[in-house]
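A.B. asks:
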Amino acid sequence: MNGFYDLPDYVRTPLLLAAAAIWFFLLAMVVKGPRKALEDGIAARGELFANLVMWALDAVILSPLLVIGVNLGLDGLAANGVSLPSPVWPHLGPIPTILLCIVAGDFVGYWRHRLEHAPWFWPAHAVHHSDRHMTWMTLERMHPVDRLITSTDVLILAMLGFPVWAIGANVLVRHYYGYLLHADVPWTLGRFEMVFNSPAMHRWHHSRDVRTSNTNFATILSIWDRLFGTLHAPGPCDAPLGVEEDMGHGVVGQYLHPFRVWLGLPAQAAPAPPPASAKPITATLATIHD
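The sequence shown begins at 55 in this note's numbering and counts up by one.
#1: Do A113 and T67 have their CB atoms nearer than 9 angstroms?
#2: Among residues of its own chain, excluding the 5 on either side of S267, which ones have a beta-carbon nearer than 7 angstroms to its beta-carbon?
#3: In whole angstroms, what separates the C-alpha of L235 from that of L146?
#4: Which residues in the same chain as V315 place their Cβ atom closer than 7 angstroms to its Cβ, once the five residues preceding and following it in sequence are excluded?
#5: May I ask which residues mark the beginning and end of the alpha helix (DSSP H) holding H236?
#6: Between H256 and the rest of its own chain, which residues show a CB-CB distance below 8 angstroms, the 5 nearest in sequence each way excluded?
#7: Could you tell me the boundaries of the alpha helix (DSSP H) in which F161 lies?
#8: Express the C-alpha separation of I156 and V227 in angstroms, rounding to a whole number.
#9: Determine the direct distance from the alpha carbon of H229 to that of P253, and round the result to whole angstroms.
#10: Between D207, D200, W77, G289, which has its C-alpha nearest F246's C-alpha?
#11: L285 to R168, Cα distance in whole Å?
#12: Can you look up L310 in the DSSP assignment and give me helix, strand or coil?
#13: Could you give the C-beta distance for M83 and V305, rounded to a whole number, given that I count them as a contact under 8 angstroms?
#14: For the alpha helix (DSSP H) holding S267, just list the boundary residues, first then last.
#15: Just verifying my parser: in three-state terms, what is the DSSP assignment at P328?
#16: If you reduce the DSSP assignment to three classes, tell me which class F271 lands in.
#17: Around the Cβ of F216, are there at least 16 other Cβ atoms within 10 angstroms (buried) or fewer (exposed)?
#18: Output needed for A73: all residues of its chain with C-beta closer than 6 angstroms, excluding positions within five of it in sequence on either side, in chain order.
#19: Can you check which of these residues, L128, R99, W77, is closest to V218 by C-alpha distance?
#20: State the start and end residues of the unbroken alpha helix (DSSP H) segment that holds W103.
#21: Can you list, in chain order, the residues of its chain with a C-beta nearer than 6 angstroms to that of L120? Leave out the 5 residues immediately preceding and following it.
#22: Quick check: D238 and K86, are their CB atoms within less than 9 angstroms of each other?
#23: By DSSP, does F250 sit in helix, in strand, or in coil?
#24: Following the continuous alpha helix (DSSP H) through A212, name the residue where it begins and the one where it ends.
#25: Looking at the structure shown, is L243 part of a helix, part of a strand, or coil, going by DSSP?
#26: Does the beta-carbon of L80 have 16 or more other beta-carbons within 10 angstroms, so that it is buried, or is it exposed?
#27: Could you give the first and the last residue of the continuous alpha helix (DSSP H) run that contains I115?
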């Protein structure tokens, strides 16, 4: 196992991604049956291609810049004393501290997520919602502006006095729980939905109908949606997914979409499709259905 972690990041990360893809496909086969899982996987391949491109660009370009920016922000907070004192963590121990940080992080993330659905921030967040065949990789479908907004969670937790190691654990737990929430499985959690968010609940959040997409904002704990009146949990979601907006064509069109909206520019025209008889599979893979 040590040999795996000795591999360079550009080798290890794709291997982890491939392992996750196999895991979630096997999970879909068990839950929905092999035939249905394969049909849904084929239908989602165009959206999956877009998610992979955005993930790659994020990993290579955006994430390193965000890590530098967040670290500079944390250093700035520490240097200027802009945080609450935290003498309690050494007495609580690591596990209670991490659990409290996850609860606080989910609370902060709930309100940040609601802010992303506000009119001015929505054009950037709409890129994440534009996937009409949601899978676990939809989690990686994020506009750079949206990624910048989500990174503020870390700074807020630091201002609340949580130690860096607890904030890191919170990020990991909420990130990987996010993969499960976006997975293409119709799971509810039964009575556990009184406390925890489920894939079915989050699928309603990705519904094309704004009446249900403006619900279920929390990542892990459904208690925030219950408390603030944004819960919607009628069971498995069979509603159409995605957004009604014209998101432009391809990954570039999606990246440009919020700037077009903010600047009042016309939508990007999609290129004319080739004749049906001449349309290869590769063309389908490269097409992003908004």
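Don't be surprised by glycine CBs; every beta carbon is placed ideally from N, CA and C.
C.D. replies: Short version:
#1: Translated into the one-based positions of the sequence shown, residue 113 becomes position 59. Translated into the one-based positions of the sequence shown, residue 67 becomes position 13. Taking 9 angstroms as the Cβ cut-off, A113 and T67 qualify as a contacting pair.
#2: Here residue 267 refers to the residue found at position 213 of the sequence shown. H183, H259, H260, S261, listed in sequence order.
#3: Numbered from 1 along the sequence shown, position 181 holds the residue referred to as residue 235. Numbered from 1 along the sequence shown, position 92 holds the residue referred to as residue 146. So the two alpha carbons sit approximately 30 angstroms from each other.
#4: Numbered from its first residue, the sequence shown carries residue 315 at position 261. Listed in chain order, the non-local C-beta contacts of V315 below 7 angstroms within the same chain comprise P177, local neighbours out to five positions each way being set aside.
#5: Sequence index remark: in the sequence shown, residue 236 carries index 182 (1-based). Residues 218 to 236.
#6: As a first step, residue 256 must be located in the sequence shown, where it is residue number 202. The beta carbon of H256 sits closer than 8 angstroms to the beta carbons of L235, H236, N270 from its chain, once the five residues preceding and following it are set aside; these are given in chain order.
#7: In the sequence shown, residue 161 corresponds to position 107, counting from 1. For F161, the enclosing alpha helix (DSSP H) begins and ends at 148 to 170.
#8: Position 173 of the sequence shown holds residue 227. Position 102 of the sequence shown holds residue 156. Near 8 angstroms, if we compare the C-alpha coordinates of I156 and V227.
#9: The residue you call residue 253 lines up with position 199 of the sequence shown. The residue you call residue 229 lines up with position 175 of the sequence shown. Rounded to whole angstroms, the separation of the alpha carbons of H229 and P253 is 14 angstroms.
#10: Numbered from 1 along the sequence shown, position 192 holds the residue referred to as residue 246. It is G289 whose Cα lies nearest to the Cα of F246.
#11: Within the sequence shown, the letter at position 231 stands for residue 285. Within the sequence shown, the letter at position 114 stands for residue 168. Taking the straight line from one Cα to the other gives about 13 angstroms.
#12: Reading the sequence shown from its first residue, position 256 is the one you call residue 310. Secondary structure at L310: helix, using DSSP grouped into helix, strand and coil.
#13: For the purposes of this step, residue 83 is taken as the residue at position 29 of the sequence shown. For the purposes of this step, residue 305 is taken as the residue at position 251 of the sequence shown. Wrong, their Cβ atoms sit about 29 angstroms apart, outside the cutoff.
#14: As a working mapping, residue 267 is identified with position 213 in the sequence shown. In this chain, the alpha helix (DSSP H) harbouring S267 covers 264 to 267.
#15: Translated into positions along the sequence shown, residue 328 becomes position 274. The predicted model places P328 with a pLDDT of 47, which falls under 50 and marks its position as unreliable; any figure quoted below should be read in that light. P328 falls in the coil class under three-state DSSP.
#16: Along the sequence shown, read from residue 1 onward, the residue named residue 271 stands at position 217. In the three-state reduction of the DSSP assignment, F271 falls in the coil class.
#17: Counted from its first residue, the sequence shown places residue 216 at position 162. Buried, by the Cβ-count rule.
#18: If you number the sequence shown from 1, residue 73 lands on position 19. So no residue of the chain qualifies.
#19: Along the sequence shown, one-based indexing puts residue 218 at 164. Nearest C-alpha to V218: L128.
#20: Mapped onto the sequence shown, residue 103 falls at position 49. Here residue 103 is Phe; the residue named in the question, Trp, does not match the sequence. 99 to 111 is the span of the alpha helix (DSSP H), which, as asked, contains F103.
#21: For the purposes of this step, residue 120 is taken as residue 66 along the sequence shown, with counting starting at 1. Only S205 meet the Cβ criterion.
#22: Mapped onto the sequence shown, residue 238 falls at position 184. Mapped onto the sequence shown, residue 86 falls at position 32. Here D238 is near K86, since their CB atoms are less than 9 angstroms apart.
#23: Locating residue 250 in the sequence shown gives position 196, counting from the first residue. F250: strand per DSSP, three-state reduction.
#24: Stepping through the sequence shown from its first residue, residue 212 is reached at position 158. From DSSP, the alpha helix (DSSP H) with A212 extends over 206 to 213.
#25: Position 189 of the sequence shown, counted from the first residue, corresponds to residue 243. Note: L243 maps to coil in three-state DSSP.
#26: Along the sequence shown, one-based indexing puts residue 80 at 26. With a 10 Å radius around the Cβ and a threshold of 16 neighbouring Cβ atoms, L80 comes out exposed.
#27: Within the sequence shown, numbered from 1, the residue matching residue 115 stands at position 61. Where I115 is concerned, there is no enclosing alpha helix (DSSP H), given that its DSSP letter is neither H nor E.
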